[in-house]
Structures are given as structure tokens and as C-alpha cells.
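>
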Amino acid sequence: MHMGSSIDGRIVPSQWPQEMTAALTAIYERLHQQMNGDAWLVGRVTIAEFAKGDPRPAEAVEALPRTSCKAPGASEGPYAVAVDQGAKLQMNIDAINGDPIVMILPKTAPDNHLAELRRDGISYIFAGRQEIDLALALEHLRADFGIERLLLEGGGSINGSFLSAGLIDEISLLILPVADGGRNMPMTFDRAPAPAKPLSLVSVEQLEGDIVHLRYRAR
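In my numbering, the protein residues as written are -14 to 204.
1) Since Phe130 is in the alpha helix (DSSP H), which residue starts that stretch and which ends it?
2) Quick one: residues in its chain with C-beta nearer than 6 Å to the C-beta of Val66, no 5 flanking neighbours on either side, listed in chain order?
3) Please go through the same chain and pick out, in chain order, the residues whose beta-carbon is closer than 6 Å to the beta-carbon of Leu158, but skip the five residues on each side of it.
4) May I ask you to report which of helix, strand or coil DSSP gives Arg238?
5) Nearest to Ser146 by alpha carbon, out of Glu133, Gln115, Phe174, Arg168?
6) Hey, which unbroken runs of the alpha helix (DSSP H) at 4 residues or more fall wholly within the stretch 41 to 117?
7) Quick one: residues in its chain with C-beta nearer than 6 Å to the C-beta of Thr93, no 5 flanking neighbours on either side, listed in chain order?
8) DSSP state of Leu192, grouped into three classes?
9) So what does DSSP say about Ser(-1), is it helix, strand or coil?
10) So the candidates are Glu61, Pro42, Pro57; which of them puts its Cα closest to the Cα of Met76?
11) Helix, strand or coil for Gly22 per DSSP?
12) In angstroms with no decimal places, state the Cα-to-Cα distance between Val30 and Asp69.
13) Compute the Euclidean distance between the alpha carbons of Leu102 and Val(-3), then round it to the nearest angstrom.
Printed below as a string of C-alpha cells:
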């Protein structure tokens, strides 16, 4: 997992000083590139920020199989992977900053939505019938797209789901020297109450702008 936050774990920068947010973004992207992942994965809310234009629904002319679909433009990564439990995201683009999009869907996804993804050149896989099975999703990403190193990059809900499933092996966390304190704001991990996950500290590094880079490994 690779994330940035305030010292109190908030991850939405709307109230942070602009120049500090810009510094955090620059460092975050630099480390993202250095990690050399085969793909990066985000949740529905985060991926929706990249959508372009107005929705353009499609209509399926036939029943489509519930098997993985690799778009013609997705021959190699890195990939931009998103979990879409509701199978409703309309992106209107097939890549983000050159990274081909791969959607993780439940098998209950309607044919019309699959037809839209195919039309837009977006790849997809299925992981679970009604609820997304994250472990199964990782297996399909590895088998169908060759994804071995996956960077989990938020938001808090999808991070919390991966944490609960025991699927996070390393954490890279950039701490910006700001105290947010906003009530009911998204945090690094948002999930239902559950036993805490112990970690082992790998390294601590102070970077420019008093930003601290913490690295942990799951025990």
C-alpha cells in the first residue's frame, strides 16, 4: 500500500495548505514510480475522479460471458485497476496517464455495462458473484494480466477491505506535517471494527518539507 496523509490519518487535502499538498503530491508520485509496480489499484470513488465527459450508456446485443476480458490496448502495464462493486462506473476513457484501465466486477454486472466497457476499450475481470472477493481478484490479475506487484492507493474504504482480508504485505506512508482534525473525514483505513493488524517498522526517512516517509511490513 502507498498512501499520504495528515499526522492524524486524514487523506482528503481540501483544508491543507496548497503548497504543502503540492510537495506531498510530487514526492508521492516520485515514490510511486520508484516502486515499479505492475499496476496500481484504487476504489470506486477514487477512480471516478478520472472519468471524462458525460455518461454514454451502451446496449448489449447478446448475453456476454462472465469471463475476463482483455481490451486490445491493454497488452502491457502498468495497469490502473479499480474495484467497482456496483458495476456502474462510466469512465469514457480506456487509460489513465497511459495506464490501461482494468475493472474488477461481480458476476452480477449487467450485460449493458459490460458492453459499454468493451466499447470504451476497458478490460475487466470477475471476482465473486455478488460481493467482490479480493483474494480471487488478485489471482485473476496475476493470471490474466501478469500483475505480481500491485500498489494499493486508496481510498480508505478499499484500503480497509484489503487490510481486513490480510492482503497488505507492505505499507509506504507519507505523513504531511499538518493536523487536520476534520470530523467524519476519510482516513487511511476506513472499515468496520475489527482486531488491529500488527506491523513491523522497516524504515523512517525525513524528506523535503518535513514530510516523513514511514515503511512497514505486515507481521
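Ideal Cβ placement from N, Cα and C applies to all residues, glycine included.
Reading it off the structure:
1) To locate residue 130, count along the sequence shown from 1; it is residue 145. Element bounds for Phe130: 119 to 130.
2) Taking the sequence shown and counting its residues from 1, the one referred to as residue 66 is at position 81. Result list for Val66: Ala24, Leu26, Val87, in chain order.
3) Counted from its first residue, the sequence shown places residue 158 at position 173. Closer than 6 Å at the Cβ level, and outside the excluded window around Leu158, lie Met(-12), Leu199.
4) For residue 238 there is no data in the structure shown, the boundaries of the chain being -14 and 204.
5) Position 161 of the sequence shown, counted from the first residue, corresponds to residue 146. Of the listed residues, the one whose Cα sits closest to Ser146 is Phe174.
6) 96 to 104
7) Along the sequence shown, read from residue 1 onward, the residue named residue 93 stands at position 108. Once the five neighbours on either side are set aside, the close Cβ partners of Thr93 are Gln115.
8) Within the sequence shown, residue 192 is the residue found at index 207, counting from 1. Here Leu192 sits in coil by DSSP.
9) On the sequence shown, residue -1 is found 14 positions in, with the first residue counted as 1. Ser(-1) falls in the helix class under three-state DSSP.
10) Walking along the sequence shown from the start, residue 76 turns up at place 91. Of the listed residues, the one whose Cα sits closest to Met76 is Pro42.
11) Residue 22 sits at position 37 when you count from the first residue of the sequence shown. Here DSSP, grouped into helix, strand and coil, assigns Gly22 to coil.
12) On the sequence shown, residue 30 is found 45 positions in, with the first residue counted as 1. On the sequence shown, residue 69 is found 84 positions in, with the first residue counted as 1. If I take the Cα positions, the gap works out to 9 Å.
13) Within the sequence shown, numbered from 1, the residue matching residue 102 stands at position 117. Within the sequence shown, numbered from 1, the residue matching residue -3 stands at position 12. Cα-Cα distance, rounded: 29 Å.
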